[in-house]
Amino acid sequence: MSGGPLLQVQNLSKSFGGVQALSQVNFELAQGELLGVIGPNGSGKTTLVNLITGFVKSNSGTVSFRSQDITNWAPYKIIRLGIARTFQMVKPFYQLPAYKNMIIPLYSPRVKQLAGGKYGDRNAVALDLLEEVGFERDARVAYKPASVLPQGYLKRLELAKAIALQADLFILDELFSGLSLAELATLIPIIEKLRQEGKTIIMIEHRLRELFRITNRVIVLNFGRKIADGAPREVMESDAVKKAYLGTEG
Amino acid sequence: MLYLSFPRLVPIIGFLVLPLILSLYWQKVLLSVAVFALLAISWDILAQSSMVSLGQALFFGMGAYFAGIMNHYLGLPPFLTIPLATLLGGLLSTLLLMPVLRLRGIYFAMVTLIIPLMLVRIIEASKIFGGTDGLSGLTPLPGGLFESYLILIALVVILFGFRRLMDSDYGLILRGINDNDRSVMNAGINIYWYKIQALFMASSIGAFAGAYLTHIYMFVGMPVFALDYSILPIAAAVVGGPGSLAGATLGSFLLVPLSEALRGFGGLRIVFYGLFLVLFVVALPEGIFHYLQRKYEQFERMVEVEK
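Line by line, the protein sequences give chains X and Z. Residues 65 to 314 (my numbering) make up the first sequence, in order. Residues 88 to 394 (my numbering) make up the second sequence, in order.
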């Protein structure tokens with residue numbers, strides 16, 4: 065592994081029709097960092113995630129992962145390199161038991177490759193991973209169909225699916241949204257554990273208070289432009305950020 | 088344990104006994120039933136893998152023409168033409184549809200509907216492969232029970248084999264693509280490669296049915312690309328219960344003999360047939376198989392409580 069940044073985003077731009085969703089965004093991310101990406105609704109946060117993971121093709125700019133240019137690659141190729149993402153809208157396979165939802169990521173070519181060309185017992189691995197994110201084994205929560213699980217479990221299932229891919233970079237798109245404080249309290253230790261394992265994490269968040277507790281660097285987007293980059297406290301003091309969140313006077 | 092094996096034993100024993108007790112005419116109907124059941128299973132596999140097809144006739148016709156051509160021009164015997172036509176028909180159909188695999192829903196369906204209709208016109212205009220007359224005088228299969236058992240055993244193997252496949256983790260990926268393709272892509276899985284595999288399997292099943300029927304009729308011509316082979320399998324799958332493959336088979340076992348039994352009505356046959364279809368769809372929108380399965384599982388629960 066080289067000493068350079070893990071992820072490098074240069075002059076990344078994307079427009080949908082006449083709307084400039086993202087324009088000239090630059091940033092670098094070192095191995096092991098936890099980066100928060102914040103900004104008002106429609107500021108281009110999810111577009112940024114979609115561009116990095118290839119779900120949306122960029123108009124210009126480059127994305128490099130471990131010094132390799134991955135701009136506009138197909139999503140499945142990017143994921144195989146070791147980038148895992150969660151979706152803002154969790155859409156599990158509702159009629160299937162929770163642990164069966166884990167089968168798809170466990171079927172990933174990446175998992176097979178890391179295990180030395182052999183898939184293990186997917187059901188057992190699925191149950192172990194779900195227990196790790198707090199699906200109580202004794203209560204047999206993992207066997208319940210996803211349709212009956214509360215939002216907190218669905219978000220943890222979404223996170224477990226990303227963990228199953230054994231990625232190096234996790235991109236978590238509004239993982240905290242729609243959760244109660246109690247549910248949040250179960251998620252934060254999982255993220256802290258990922259950090260301890262040396263994983264690099266990007267978190268798109270609206271829940272600033274909780275985000276600032278676990279990160280020491282945030283990027284602020286507004287109308288597709290990066291308007292601030294730094295420690296949470298400094299960033300929130302900046303005039304541009306105050307304007308973006310509170311609007312201008314008169 | 089009879090209770091558990093009952094749902095599997097009934098169709099298997101049924102298939103094996105039916106040719107022995109049916110009259111010659113109904114034996115021929117049974118062949119037709121099995122052919123349509125294969126087409127309906129092929130449709131169901133595609134539908135479960137996110138590809139709604141209106142063109143089972145493409146697969147059927149490809150298999151039929153490949154078998155006919157290899158038999159007529161190259162003189163190959165049926166036991167070679169049928170397996171070869173199955174593979175080549177599946178391969179060519181897959182290649183034809185590969186460029187449009189990115190299309191979803193109705194757009195994919197439209198392309199599958201149009202291709203067989205275009206092929207008919209190409210054969211008609213270019214007069215290739217016998218043109219409008221088709222190829223006749225092809226080698227028949229060894230008659231009697233052999234031809235019945237060949238297709239019925241193939242049907243049993245394909246039905247149970249593919250049911251098992253769709254229940255496996257591999258099948259889960261295919262069904263996952265139908266449900267939420269982004270989630271499957273997000274696992275680093277190339278969904279187009281999986282769609283191509285499903286398309287090849289489904290079109291090969293259709294091609295097998297076509298190749299088989301070519302040797303039964305000893306003829307292949309433009310009618311093999313007719314709409315009947317596209318629409319009836321869908322009706323069978325929907326009436327029987329889509330998503331189970333067993334429903335598709337059950338639907339064919341109902342609709343094809345029904346169509347035969349209604350021959351007495353002459354011109355009004357299609358009206359009564361249509362009425363039956365509407366009746367099934369309105370009364371049992373989930374499909375017959377899913378209804379039976381639900382009742383069976385209710386019964387199962389009652390047994391458990393009694394213990």
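The beta carbon of each residue, even a glycine, is placed where N, CA and C say it ideally should be.
The C-beta of THR301/Z has 16 or more other C-beta atoms within 10 Å across all chains shown, which makes the residue buried. By the CB criterion at 9 angstroms, SER211/X and GLN152/X fall outside the cutoff. For ARG289/X, the enclosing beta strand (DSSP E) has its first and last residue at 289-294. The beta-carbon distance between ARG149/X and THR117/X, rounded to whole angstroms, is 5 angstroms. This is short enough to meet the 8 angstroms contact definition. Along the region 265-286 of chain Z, going in chain order, the ones with a CB nearer than 8 angstroms to a CB of chain X are ASP266, ASN267, ARG269, SER270, VAL271, MET272, ASN273, ALA274, GLY275, ILE276, ASN277, ILE278. Two segments are said to touch when three or more pairs of C-beta atoms, one from each, lie closer than 8 angstroms; by this definition the region 256-274 of chain Z touches the region 120-138 of chain Z. Residue contact with chain X for ASP256/Z: present (Cβ-Cβ distance below 9 angstroms to some residue of chain X). Under a criterion of Cβ atoms nearer than 9 angstroms, the residues of chain X adjacent to LEU259/Z are, in order, PHE157, LEU160, LYS164, ILE167, ILE168, TYR171. Non-local beta-carbon contacts of LEU239/Z in its own chain, meaning distances under 8 angstroms to residues more than five positions away in sequence, involve PHE102, LEU103, LEU105, PRO106, LEU117, ALA121 in chain order. Taken atom to atom, the span from the alpha-carbon of LEU170/X to that of ALA274/Z is near 8 angstroms.
The Cβ atoms of ILE276/Z and SER172/X lie closer than 9 angstroms to each other. The beta-bridge partner set that DSSP reports for MET267/X consists of GLY100/X, LEU236/X.
For GLY177/Z, the enclosing alpha helix (DSSP H) covers residues 165-184.
For GLY177/Z, no chain X residue has a Cβ inside 7 angstroms of its Cβ, as the nearest lies near 24 angstroms away.
Under the Cβ criterion (8 angstroms, minimum of three pairs), the region 340-351 of chain Z does not count as touching the region 250-262 of chain Z. Spanning the alpha carbons of MET267/X and GLY100/X requires a straight line of approximately 5 angstroms. Secondary-structure assignment with DSSP links GLU92/X through a beta bridge to GLN72/X. Interface criterion not met: the Cβ of GLY328/Z is under 9 angstroms from no Cβ in chain X. The shortest C-alpha to C-alpha distance from LEU126/Z to any of LEU182/Z, ALA322/Z, VAL271/Z is the one to ALA322/Z. Any Cβ of chain X closer than 9 angstroms to the Cβ of GLY263/Z would place that residue at the interface, and such an atom is present. ALA210/X: not part of any beta strand (DSSP E); DSSP gives it neither H nor E.
Where PHE129/X is concerned, the enclosing beta strand (DSSP E) starts and stops at 124-129. DSSP places ARG381/Z within a helical segment (H, G or I) once states are collapsed to three. When C-beta atoms of the region 301-316 of chain Z are compared with those of the region 174-188 of chain X, fewer than three pairs fall below 8 angstroms, so the two segments do not count as touching. At a cut-off of 9 angstroms between beta carbons, ALA188/X makes no contact with chain Z. In this model, LEU366/Z and LEU71/X are separated by some 60 angstroms (Cα to Cα).
Take LEU183/Z, set aside five residues on each side of it, and the residues of its chain with a beta-carbon closer than 8 angstroms to its own are LEU145, ILE202, in chain order.
Assigned with DSSP and collapsed to three states, ALA179/X falls in coil, not helix or strand. Put simply, of GLN143/Z, PRO229/Z, THR181/Z, LEU141/Z the residue whose alpha carbon is nearest the alpha carbon of ALA285/Z is THR181/Z.
When the beta-carbon positions are compared, PRO98/Z and THR336/Z come within less than 9 angstroms of each other.
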